[in-house]
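Visitor: Below: one structure in C-alpha cells.
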Amino acid sequence: MPRRKDLKKILLIGSGPIVIGQACEFDYSGTQACKVLKEEGYQVVLVNSNPATIMTDPEFADKTYIEPLTPEFVEKIIKRERPDALLPALGGQTGLNMAAALSNMGVLEKYGVELIGVDIDVINRAEDREQFKESMDRIGLYVPPSSYAHSLKEALNFSRKLKFPLVVRPSFTLGGLGGGVAFNKEEFVDIVTSGFDISPKSEVLIEKSVAGWKEIELEMMRDKNDNVIVICSIENFDPMGVHTGDSICAAPAQTLTYKEYQNIRDASIKIMREVGINAGGSNIQFAVNPKNGKVAVIELNPRVSRSSALASKATGYPIAKIATKLAVGHTLDEIPNDITRKTPACFEPSIDYVVVKFPRWTFEKFPGADSNLTTRMKSVGETLAIGRTFKEALQKSIRSLEIDRYGLGSDGENYLNKKLMGKKLSVPNQDRIFYIKYAFEKGMSIEKVSKYTKIDPWFLNNIKQLVEFEKSLKKYNLGNVTGDVIHKAKVHGYSDRQIAHLLKGSEGEVRALRKKMKVAATFKTVDTCAGEFEAYTPYYYSTYENENETVSSDKKRIIILGGGPNRIGQGIEFDYCCVHASFALHDEGFETIMINCNPETVSTDYDTSDRLYFEPITFEDVMNIVEAEKPYGVIVQFGGQTPLKLALKLKDAGVNILGTSPDSIDLAEDRKRFGLMLKKLNIPQADSGTAMDVDKAKKIAKRIGYPVLVRPSYVLGGRAMNIVYNEESLVDYVKNAAVVSYDKPILIDKFLERAIEVDVDAIYDGEELFIGGIMEHIEEAGVHSGDSACVIPPFTLSREVIEKIKDYTYRMAKKLEVRGLMNIQYAIKDSVVHVLEANPRASRTVPFVSKSIGVPLAKIASLVMTSKKLKDIKFKKVDSTSINYYSIKEAILPFNRFPGVDTILGPEMKSTGEVMGIDSSFGVAFAKTQISTNHMFPTSGSVFISVNDKDKDAIITIASKLSGLGFKIITTEGTGNLLEKKGIKCDRVLKIREGRPNVLDMIKNGEIDLIINTPEGSVARSDGYYLRTAAVLHNVPSTTTMSGASAVVQGIEEMKNNFKARVKPIQEY
Amino acid sequence: MKANLLLEDGTMFEGINIGSGGETIGEVVFNTSMIGYQEILTDPSYYEQIVVMTYPEIGNYGVNSVDVESDRIQASGLIVKEYVDYYCNWRAEGSLQDYLKESNIVGMEGIDTRQLTRHVRQKGSMKGIISTETDNKSELKKRLDRYPSIINRDLVKDVTCDAPYIYNPDRGDYKSVVVVVDFGIKRGILKCLDWEGFKLIVVPASSGAGEIMKYNPDGILLSNGPGDPSAIEYAAETIKELIGRRPVFGICMGHQLLAAALGAKSYKLKFGHHGGNHPVENLETGKVEITSQNHGFAVSRESLEGIKDTGYEITHVNLNDNTIEGLQYKDIDAYTIQFHPEGKPGPHDSGYVFNKFIRLIEDFKKND
C-alpha cells in the first residue's frame, strides 16, 4: 500500500540527552526516521533537546526545535506548527511517555494530531503491568506473578504470598532505575522503600523473580496487514537477574532448539497481535527455564529500543527505517530490502556469523558506587563485534571496549584474585567474564562455574575452550610456532597482542610473522541472508577464513576512525563529527570508509558511509583494513581519544594521517614541549611541571604553590584529574595515578581558583583561522568542561579579553600547524588569559557550536584536512561573540544511577550527555536547559543555603535576590548570621551532625525546593555529601558553585518576570 | 582426521572430519536455517544431498529422540563451519557427533562455509564428494563423475515406507480418513494432520490408485520427498487416476507431482530453496507468510499455460524470486503447497493449510 497521502506534516520526538538506559541508539533511529519521512515527501518537524545528535542537524528536518522535551513545550511546538501526526516510537521511552502525556492532557485531540506508529491503547497495554498481564492471560502465556504496591504494608503482604527472590521495579522509571532483586525481607524493605521515593507515582511493582533463567529477546515487526516477522533473536550470556543493558548478549540465540525457538516465535506473534502493534517494531523479552523449557513473558517495548539498534546492526536489517515506513502506511511486502535489492523487507534475516554485544561500564568514575550488576542498568555504552564463532566475536567485543584489554585476558593484564573468585563468579560484576576464564585456568569444571554463575554451560564451554587452546599455544614460541597454530588462534579471535603475550614476543613480531605465514584477515559481508542472495551493501566484518569479499574500486578512499563505545568523556559528540566528515568527504567525491564498533551510532549505519567496517579500533584491526583498502588517508581527529591514540603508530606504519600531523598532536599533548612553545609565543599559561615520581611532584608543587591541578597525560574526560590542596593529598594522588597510566608522566598545573573558563573551537587551514565558538563556562575553572554549562556568546568577557583569545588561538593554530579542528581551553583570571590546554582535534562541543551558529564545523574541517582552503569552502562566517541570542549547553549527570556517590563536580568528567537551550534571553535559555535536565528550578518556595568561607561574599547578592523574589531562605547557623548581618531574613536549621530535625529531614519531607551548597574542602562524608546525595534522591535542584547559583537566580528572575518561553526552530535563528 | 570436499567443478575444500569418516557423494545444497539441524538431517527430502549449514556453529543443543523427521539421518553428508563439541539443553540425549557416527554419516567442519555457499549460489547446486580417505583430487573426481546426477533419478523408492501402516494407531475418534502417499514424508506433516483430527493411513509411493481407493479415504495427501519429480512417473500415473475422485492435498514434491499429473512441468532451480525465512505471499489474503522451504525443483509458470483447462489458480508466490509456492485446482478439489507448512524447522505461519484440508473434505462429502 502506498504511503498515506492525508498526512502532510509529521512531528517526530527525539529522546533527549544521553543518559544511562537511553543512549545514542535513538539518534540512530531518529535520524533514519527523519530521512525516510523526507524521502517520502513529508514535512518533518523534530523536537529534541540534545544538540549532539545527527538528527538535529538542520538539514534532516524542515523545522528542528532544540527545546525541552516536556509536554508543555511540545504543546507550544504543536500550536506553532500544527502537524497532522505525531510519531513517538523512534524516540525511546521519552517518546512514548510524551505521547501518553500529550494524549492525557487532551493536546493531541485539541490540535487534531494523530498518533502514528503506535496508539495510546497499545502503549497502555504494554506499559501497564495489570493490563499486560491480562493480555497475556487471554492468549495463554505465562507472566511471573506480580502486584503493584503503594505502601510497605501492601508490599510485605504480597511478599508473603510469593517466595523470595522477588524483583522490585519502581513504576515509570527508565532502565530499571531504583529496582533490584531482593533475596530476603531486609533487602526487600530497603529496595521497596527507596523505590517509593524514586517512582514519580510512589508505586512499585513486585514480581516473582525468575533470576537464573535464560534470557531471550526477539525483535519483531508488524504491519497493518498483519504481516509479522522476527528480525533477530538475542540470547543473554548473563541469565535473568542482570539488566539486559548490563548483560553480554549473543545473536542469534545460541542454546535453543528449533522447538523452543518456534515456541517463543509463536508467542511473540500472538503478543504482537494481542497488544495490537500494527505499524512498527517491538522488542519482547522472555525468560526460559533451563531445566524444563518453561517460558515466561517478561516485557514488551512497543517501540524501537536499544535492542533493536543492536538487532539492526547485527543483521543489516534497518529496523528504524522500516518502522517509520510502516507508520506512514506502507506494508512490509512492498518495501525492498536495501541489501539484496531484489528481495522484499518482509522476511526474517538469516545470519552466518555470531554477534556479541558487550556493555561498557565506567565505575572508575564513581568511587563508592555499588559495582555489582543487578536489574538496575549501570553501563554507559556498549560494543558489538561480529565473528564467525562465538569465541571470535566475544574476544573482539572485549578488545573493542577501550579498557586496554586485547581480548578475553592473556594480554599481560592481571589483577585477578583467587580469594575473590567465588564471590566474583556468583555475584554479577564487570570482571565476571575474566573470573570465569580464571576459574577454568584454576581447573574448575563447567558444571561448577555454571552453578556459581547460572550461566548456560554452552557459553562457559567456549571460554573453557579458549583456556585449553592457550595451554597448547603456550608450548610454542615465536621460533617454532606454525602457521596453522597462528591461524587457529586468529580463528579463536586472539589479537596479535594476546598471541605476543602467550608466545613471549612483541605485537610487531607476531604481526610480521603472521604476514610471512600469510595468515591475514579476510572480510565478510553482513547481508541479511547468509549468502543466499547477492548483497549490494558493503558492510563488512573481519574474520580468518578463505575468501575475502571486499571489492576494489578506483576512487580515492578515506578511512574515518570512529569513537568506539560510549563512555563518560567520549560520547555521541564524536560520532556526530565522524558522520559529518563522512558525509562531506563523500560529497567531495571521496569513497568514505567508516570503522567503528558501537552499535548505537549513526556512524555504524550501513548507509552513512560508502563502506562500513564493524571492527574494534585497535592498531591491529585498523591496519588489517588499511591493508585491504589501501586508502589515500586516515582521519583520526574526529573520533576522540580512541583513534587519536593510534595516530603515531599508524603513521609509523606508513599510513597517511590526514589533517594535523601526529607530531603536532604529540606536541600539544606533551606538557613540556607545549609549555616551551607557549613561552616562545609569549602566551601565558598557569605554572606547571611534569613529574615521573613523588619527589619530583612535591618539588614542582612547592615551586608553583598549592592548590595544584594534577592529572596523567593522554586522557580524555579528565580521567583521574584532581585538584590537590596540600602535599599529603599530592603524595596520595601520585601513588594512585601511576595505575592509570604507567608509561606516561603526571602533569601538575597551578590551579587558578575562581577563574572563568572558556572553550574555543576553531578550524585552521594553514592560512586562515575560523573561530566557530567562544564559549564561556558558567561553572568556574576546575570543573571539567564536559560537566559545566557553557554559553555562546560569552556573557561577561570584555572585548579586550575576547580579542586576546582570538589572537592566542590563531597563533597557537599556526605554530601547531593545525589542519582541521582544534579546541583550546582558557582560564581568565583578573583579565589575564591563560591557556589551560590545546587539543588539535574535534572536541565534545563541536556539535553544540555547529547548532548554535548554524555552521557545520566538522564538515568544513574534514574538507580542510584534504587540503581545501577555508576561502574555497562556502559557508557563513558567523562571529559567535556577536550573535543576538543565547545558546547554552548543560550537562546531564548520572548520579541517580549510583546512589551514595557524591555529586560534587570537579576536574574529572562525570556527565553522560548534554542538552541545549536557545533563546533571545540568557535567563530563559538557561531555564530551558534546566527544564531539559529535569532540574526545573522553582519560582517560589524555600531555598537552603550553606556555603564555604570562600563563597561567603558572593552568596550575599544571590541570597538577597532570592529573598526579593519571595523565597524563604533557610540556612545553617554560620551562613545565617552572615546573611542577617546584611539584612537578609532567614530561618535556621540544624546541620546534620547537630541533631534532629535537621536539613536532611527537611529535604526528605519535601520542605526544600532549591539547594545552594558549596563544598567545604575534601572532608569525605561531610554534611554536604549527605545533603547532595539526598537532593539527587529526592530530585531537589541543587547547585554546588557560586557561578551556577547566580545563573539559577537569573533564570528564576526572568521566568518570574516575563517567562513566555517562546519556541523557535534553529533554522530561524 | 582431515576431510576433503571436492565439487563437480573441481573446487576443493579441506576440513576436519566430524562424522563417521569414509566417503559420501551427494548434491551439495546450503540451508540458511539458524536452528534445527537435527530436523534437517532427518528430513527424507535431503536424501542424496550433502547439507551445508550456513549458520557457523552447529551442535550447540545436542540431539534428542523427539526432534526427528524420520527414523534416521537421510542427508548423505553434513558440512559446518564449526562443530560445537559441547552441547547443553534440557532435552538433549547425546551429541550431534555421536549421532553422525552411529548413523554412519560423513561430516566435516572447519571450512569457509560462506565461501562454499556463495560458490553454490553463483554456480548452481552441484555434486560433491566428501572423503576422509584421500585428498587425491583426480581420484576423487573420478569417483564423483561416476556417480549419477540427481536429475531423472528416482530417489523416492529409497525413502518411502515398505508397507502401508496406520500413523498413531491408538487415536480414538477421528474426523476423516486420509491416505498419505509417502514419497519420503516428514513426521512433522503427519503430526500436523493427526493434530487436525485425521486418521492417517500411510502407503508406499508405488501404491496404485486401486490400492489407495481400497481404503475408501476421505482425502489423499501427496507428501514431500527427495529429488526430481519427473523421475517418478509411476506416481504421476497413480495421481492421474485419483484426480477428482477424492480431495487431494499436496506438499512439496506432492505439489510438483500433482502439477505433473495434470500436464505441467517442473524445472530445477539454480540452487534451490533451503531455509526457514522465505516470504511467501498468500494471494487469497494478501498476507505474507514466513515459510520453511526445502526444494530444488519448482513448477514452471509457462507449463501451467498448457493446463489452463484445469482451472488452476496460483495461491502462493515466493516474494524472493516470484516462483510458485501454492496452487489450487477448484474443479478437482485439490490444492498443493510447495513449501513446508509444518515448519520443522521453520515458522508455523501457514499452519492453516492443514485445517483447510478438513474443510475441503467436508465440502466434498456434502456435495458428493
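Quick note, the sequences are listed as chains A and B, same order. Under our numbering, the first sequence has 556 at position 406, and the numbering climbs by one with no breaks. Under our numbering, the second sequence has 395 at position 137, and the numbering climbs by one with no breaks. Cβ atoms here follow ideal geometry from the backbone N, Cα and C, with glycine treated the same way.
1. Taking 8 Å as the threshold (beta carbon to beta carbon), is L1248(A) in contact with chain B?
2. So is L358(B) in contact with chain A if we call contact Cβ pairs under 8 Å?
3. Taking 8 Å as the CB-CB cut-off, is P505(B) touching chain A?
4. Using 8 Å as the limit for Cβ to Cβ distance, is Q307(B) near chain A?
5. Please classify P1147(A) as buried or exposed, where buried requires at least 16 neighbouring CB atoms within 10 angstroms.
6. Using alpha carbons as the reference points, say which of T543(B), D567(B) and V575(B) lies closest to A551(B).
7. What residues in its chain sit with their C-beta under 7 Å from that of G970(A), if we drop five residues either side in the sequence?
8. I'd like to know whether the C-beta of Y408(A) is nearer than 8 Å to at least one C-beta of chain B.
9. Could you pull the start and end residues of the beta strand (DSSP E) that C91(A) belongs to?
10. Quick check on F333(A): buried or exposed, where buried means 16 or more other Cβ atoms within 10 Å of its Cβ?
11. When DSSP labels each residue in this structure, what does Q787(A) get in the three-state scheme?
12. On a CA-only basis, which of G483(B), S558(B) and L402(B) is nearest G512(B)? Give me that one, please.
13. What in chain B is Cβ-close to V504(A), meaning under 8 Å?
14. Can you find at least 3 beta carbon pairs, one from the segment 393 to 410 of chain A and one from the segment 514 to 532 of chain A, that sit closer than 8 Å?
15. By a C-beta neighbour count over all protein chains shown, 10 Å radius and 16 as the cutoff for buried, is M827(A) buried or exposed?
16. Nearest-angstrom Cα distance between F1094(A) and V1186(A)?
17. For the segment 323 to 341 of chain B, which residues have a beta carbon sitting closer than 9 Å to at least one beta carbon of chain A?
18. Tell me which residues share the same chain as L500(B) and place their Cβ nearer than 8 Å to its Cβ, disregarding the 5 neighbours each side in the sequence.
19. Give me the chain B residues within the contact set of W608(A), using Cβ-Cβ distance strictly less than 9 Å, ordered along the chain.
20. By Cβ distance below 6 Å, which residues in the same chain neighbour A671(A) in space, the five residues on each side in sequence not counted?
21. Rounded to a whole number of angstroms, what is the C-alpha to C-alpha distance between K1206(A) and Q720(A)?
22. Please state the DSSP three-state secondary structure of M773(A).
23. Runs of 4 residues minimum, wholly inside the segment 585 to 656 of chain A: which ones carry the alpha helix (DSSP H) assignment?
24. Thinking C-alpha only, which one of V982(A), Q975(A) and H984(A) is nearest S993(A)?
25. So, under 8 Å CB-CB, H536(B) and F497(A) are touching, yes? Tell me the CB distance rounded to an integer number of Å.
26. Can you pull the chain B neighbours of L482(A), defined as C-beta to C-beta under 7 Å?
27. Quick check on R373(B) - is its C-beta less than 8 Å from some C-beta in chain A?
28. Which residue comes first and which comes last in the alpha helix (DSSP H) that contains G1133(A)?
29. Taking Cβ to Cβ, would you say E1063(A) is nearer than 8 Å to P402(A)?
30. When the Cα of P499(A) is compared with those of I270(A), C679(A) and S1037(A), which residue comes out closest?
31. Alpha carbon to alpha carbon, what distance is there between Y345(B) and N322(B)?
32. I'd like to know whether the C-beta atoms of N1084(A) and P1165(A) end up nearer to each other than 8 Å.
33. Would N696(A) pass as an interface residue toward chain B - the criterion being a Cβ-Cβ separation below 8 Å?
34. Please report the straight-line C-alpha distance between T220(A) and P468(A), rounded to a whole angstrom.
35. Mind checking who R510(A) pairs with in its DSSP beta bridge?
36. What are the residues of the segment 486 to 515 of chain A that lie near chain B, defined by any Cβ-Cβ distance shorter than 8 Å?
Guide: Checking against the coordinates, here is how it stands:
1. Residue 1248(A) lies beyond the residue range present for chain A, which begins at 151 and ends at 1219; the question has no answer from this structure.
2. no
3. no
4. no
5. exposed
6. Note that residue 551(B) corresponds to Gln in the displayed sequence, not to Ala. Ranking T543(B), D567(B) and V575(B) by Cα distance to Q551(B) puts V575(B) first.
7. Q787, G809, T810, I913, A1011, V1014 and M1015
8. yes
9. Any answer about residue 91(A) is impossible in this case: the structure gives chain A only from 151 up to 1219.
10. exposed
11. coil
12. G483(B)
13. P314 and E315
14. yes
15. buried
16. 11 Å
17. V324, D325, K339 and E340
18. A467, I470, M471, I478 and V506
19. N318, Y319, V342, Y344, Y345, C346 and N347
20. S692 and N774
21. 37 Å
22. helix
23. 596 to 603, 607 to 623, 633 to 641 and 646 to 653
24. Q975(A)
25. 7 Å
26. V546
27. As written in the sequence, residue 373(B) is Gln, which differs from the Arg given in the question. With 8 Å as the cut-off, Q373(B) counts as an interface residue toward chain A.
28. No alpha helix (DSSP H) holds G1133(A); DSSP gives it neither H nor E.
29. Just to set this straight, residue 1063(A) is Gly in the shown sequence, not Glu. No, these two residues do not count as a Cβ contact at 8 Å.
30. C679(A)
31. 11 Å
32. no
33. yes
34. 29 Å
35. G531(A)
36. K492, T493, P494, C496, F497, E498, P499, S500, I501, D502, Y503 and V504
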